[in-house]
Amino acid sequence: MKKTRSFFMVPYLAWIILFVIAPLILILYQSLTNNQGQWTLQNFQTYATSWTYLKMTLNSFWYALLITAVTLLISYPTAYILSKMKRQQLWLLLIILPTWINLLLKTYAFIGLLSRTGTVNQFLAFIGIGPRQLLFSDFSFLLVASYIEIPFMILPIYNAIVQLDPALVNASRDLGATNFQTFTKVVFPLTISGVKAGIQAVFIPSLSLFMITRLIGGNRVITLGTAIEEHFLTTMNWGMGSTIGVVLIVMMFIMMMLTNDRKKKRQEVLPNEEKTN
Amino acid sequence: MQKPIIELKKITKRYDDGFTALENINMTIEPGKFYSLLGPSGSGKTTILRIIAGFTDATEGDVVFEGNKINALPANQRKVNTVFQNYALFPHMDVFENVAFGLTLKKMPKQEIRKRVLNALKVVQLPDYANREISELSGGQQQRVAIARAIVNEPKVLLLDEPLSALDMKLRKDMQYELRELQQRLKITFIFVTHDQEEALAMSDEIFVMNDGQVLQSGTPVDIYDEPINHFVANFIGESNILPGKMLKDFEVQFVGKSFECADAGMRPNEKVEVVLRPEDLDITTPEQGKLVVKVDTQLFRGDHFEIVGYDEDGNEWLIHSTNPVKDGKQIGLTFEPEDIHVMRFGEKEADFDARLEQYEED
Ligand SMILES: Nc1ncnc2c1ncn2[C@@H]1O[C@H](COP(=O)(O)OP(=O)(O)OP(=O)(O)O)[C@@H](O)[C@H]1O
Ligand SMILES: [Mg+2]
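Heads up: the protein sequence lines correspond to chains A and B, in order.
Okay, so the first sequence: first residue is 1 according to the numbering used here, each after it adds one.
Okay, so the second sequence: first residue is 1001 according to the numbering used here, each after it adds one.
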């Protein structure tokens, strides 16, 4: 029994070692050595003392936060409405469908839409307020990034809402709660796990977006993702690229820890007196 | 008769799949009384509560609360609270927060909420569980928290959907007393769903016996027990001996080939009927003095009585309750009074049944 189980673990373990552990070790090694292969903290020092890198880090964080906030604001109501609709499977499919299309293709499609001669500008010209510069702006970057991330936010939230026992909503209404109170006191707290999963699925990839920053943001938006690409492909400074990679990984872990469902153990509500006074 | 607090008028409920869960339900609920809905699984008891509470709409018919039609009134504005069959406790709140939920919404002072919640928990015998998480409770404890969460609001009408089903016998009895006491003290109208006929008989002012989405009979526990309208009700409420018979004329019925004096009338001569004799109404005597003679087959000691099964010469099974044991295999005589015989017509509707009873009981 034990034996067979460990046998089935082999491919999984091999995968993890080859594609997760080994790259992590390589990145760490690259970041901690210089060109001559000597151990050094030089790269981290450069990173920590450079205003450019710090700005990039903050920039990445800020845009990832914005993208997450925008997708969350759109996705929660969408998922909620979806869970109340007939033919949910069909709507769900329509939401998942875009994720099957290659990211690069979608990005190019947006270039087509947003360029000076694109469909949107044709329309703006038609109603007399165009054409305008849409591409290569913060707005277009946010728009496209959010569009791409939205399905990954909707799905976990939708799953959480569907799993919510409708009797709990009835119970809340029965006890006198309005729709809004039911939402804030029962529905949202009980679907927060879906929201957290969605945040993880959106925030972490958003930290290291580089293709969209380049193609849609027109390098006006510089993030850690862009910097890594630059270091590996253009300046060939692998050590520095790896260092930023390590920073990104650390940020991801922090994010995971913040959004993970810890088994809450609240302090006693009773008979603690001042809480009830 | 008091002004009714709730009336259901010609309620029919058809679900989306075309299934008719309730058909032409009429109920009049008076304030301060204890009503039971009694019926087998799937008979539509929960559906009635859901319609009264406002969780689902009736397909046809009206729900009237204190004289006003409330078909369209949302659940949170109805002055009823529900104890749910599956408890429906909020898993992200502890016991205290669950019970306090309704009072918190009413913006009651914290001190007052605390007092009432702890009191409600005392009523359901869980005074020390305020800080427990719901996941840390047993099924029976969860059920009692669900009761506390509803009663703490002191609503005008409390709907209880099998609120004691998960409790052991002793706790169940205790809670029956607690609920009945609470109901009478606060004059809350209870609509109490149960499959347990003993519970319904013991606690209710009035019982609705349901089957297949219809109310077969309603009345006081004594009325329903003594004068069940048909085979189903007689079988479902208490234990009974039910035999085919023939109404020879008013106050004379024939069964097991003999004719007996009885207390029923108002039927066609020689009408085919069913006869009910309750096991505790049968008295054991010698075979010579008995109106019937049966041979004892088995007997079980039930604590406060013996349950005896015997067969008469035609092979009909007889269930007898007796305080004294008898010998297995022995022939015994059975006697009963004319009032102990209850005659039921086939397919008689409740209105006709009541009218007939009224008519001959007067003179
Ligand atoms: N949403 C629904 N769609 C279709 N049929 C339903 C639905 N809800 C309930 N029913 C059906 O309606 C009938 C009555 O259900 P209800 O829950 O009222 O029964 P009940 O008397 O409370 O039974 P129990 O004692 O088992 O709780 C059942 O046959 C059930 O299958
Ligand atoms: Mg039910």
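Every residue, glycine too, gets a C-beta built ideally from N, C-alpha and C.
Which residue marks the beginning of the alpha helix (DSSP H) containing residue i, and which one marks its end?
i	result
A/K84	W51 to K84
B/K1258	Unbroken run through B/K1258 is the beta strand (DSSP E), K1258 to E1261; no alpha helix (DSSP H).
B/F1236	H1231 to F1236
B/I1151	G1139 to I1151
B/V1193	Segment T1189 to T1194 is the beta strand (DSSP E) holding B/V1193; no alpha helix (DSSP H) there.
Helix, strand or coil: how does DSSP classify residue i here?
i	result
B/R1078	coil
B/Y1087	strand
A/F8	helix
B/R1014	strand
B/E1348	coil
B/E1252	strand
A/L190	helix
B/E1007	strand
B/F1336	coil
B/N1241	strand
B/E1162	coil
B/Q1331	strand
A/T99	helix
A/I150	helix
Ignore the nearest five residues each way along the sequence and tell me which others in residue i's own chain have a CB closer than 7 Å to its CB.
i	result
A/E229	F210
B/L1022	I1011, T1012, K1013, G1044, T1047, I1048 and G1213
B/N1211	G1039, P1040, S1043 and F1232
B/I1147	V1083, V1124 and P1163
B/Q1359	G1266
Taking residue i as the reference, which of the options has the closest Cα?
i	options	result
B/F1208	B/A1100, B/I1025, B/L1164 and B/L1037	B/L1037
A/W100	A/F183, A/V195, A/F152 and A/G198	A/F152
A/P143	A/V186, A/L124 and A/L215	The amino acid occupying residue 143 of chain A in the given sequence is Leu; Pro does not appear at that position. The residue with the shortest Cα to Cα distance from A/L143 is A/L215.
B/P1004	B/G1067, B/V1296, B/N1230 and B/F1336	B/G1067
B/F1251	B/A1234, B/G1257, B/P1244 and B/P1269	B/P1269
B/R1144	B/A1120, B/L1158 and B/F1034	B/A1120
B/M1267	B/F1346, B/N1081, B/I1052 and B/Y1087	B/F1346
B/S1135	B/F1090, B/Q1217 and B/D1312	B/F1090
B/M1344	B/M1247, B/D1281, B/V1256 and B/Q1142	B/M1247
B/P1031	B/I1025, B/I1006 and B/Y1015	B/I1006
A/F44	A/N260, A/V247 and A/I254	A/V247
A/N219	A/L135, A/S6 and A/L164	A/L135
For chain A, is any of its Cβ atoms less than 8 Å away from the one on residue i?
i	result
B/T1323	no
B/A1234	no
B/G1333	no
B/K1106	yes
B/N1316	no
B/G1102	yes
B/T1377	In the structure displayed, chain B extends from 1001 to 1363; residue 1377 of chain B sits before or after that span and is not available.
B/T1082	yes
B/F1255	no
B/F1065	no
B/N1086	yes
State the start and end residues of the unbroken beta strand (DSSP E) segment that holds residue i.
i	result
B/T1020	T1020 to I1029
A/P166	Unbroken run through A/P166 is the alpha helix (DSSP H), P166 to D174; no beta strand (DSSP E).
B/K1272	E1271 to L1277
A/Y108	A/Y108 -> not in any beta strand (DSSP E); alpha helix (DSSP H) instead, spanning L103 to L114.
B/N1211	E1206 to N1211
B/K1173	B/K1173 -> not in any beta strand (DSSP E); alpha helix (DSSP H) instead, spanning M1169 to L1186.
B/E1060	E1060 to F1065
B/Q1217	Q1214 to G1219
B/K1045	Per DSSP, B/K1045 belongs to no beta strand (DSSP E); it is in the alpha helix (DSSP H), K1045 to A1053.
When the cut-off is 8 Å and only beta carbons count, does residue i lie next to chain B?
i	result
A/L164	no
A/D138	no
A/Q88	no
A/G176	yes
A/Q133	no
A/R173	yes
A/V186	yes
A/A167	yes
A/P189	yes
A/N260	no
A/N170	yes
Give every residue of the same chain whose Cβ lies closer than 8 Å to the Cβ of residue i, excluding the five residues on either side of it in the sequence, and list them in chain order.
i	result
A/S83	Y158, I161 and V162
B/N1071	D1057, A1058, D1062 and V1063
B/V1293	P1287, D1312, E1313, Q1331, I1332, G1333 and L1334
B/K1249	P1269
Counting only the same chain and skipping the five closest in sequence on each side, list residues whose C-beta sits under 6 Å from that of residue i.
i	result
B/E1060	T1012
A/S60	L207, T223 and L224
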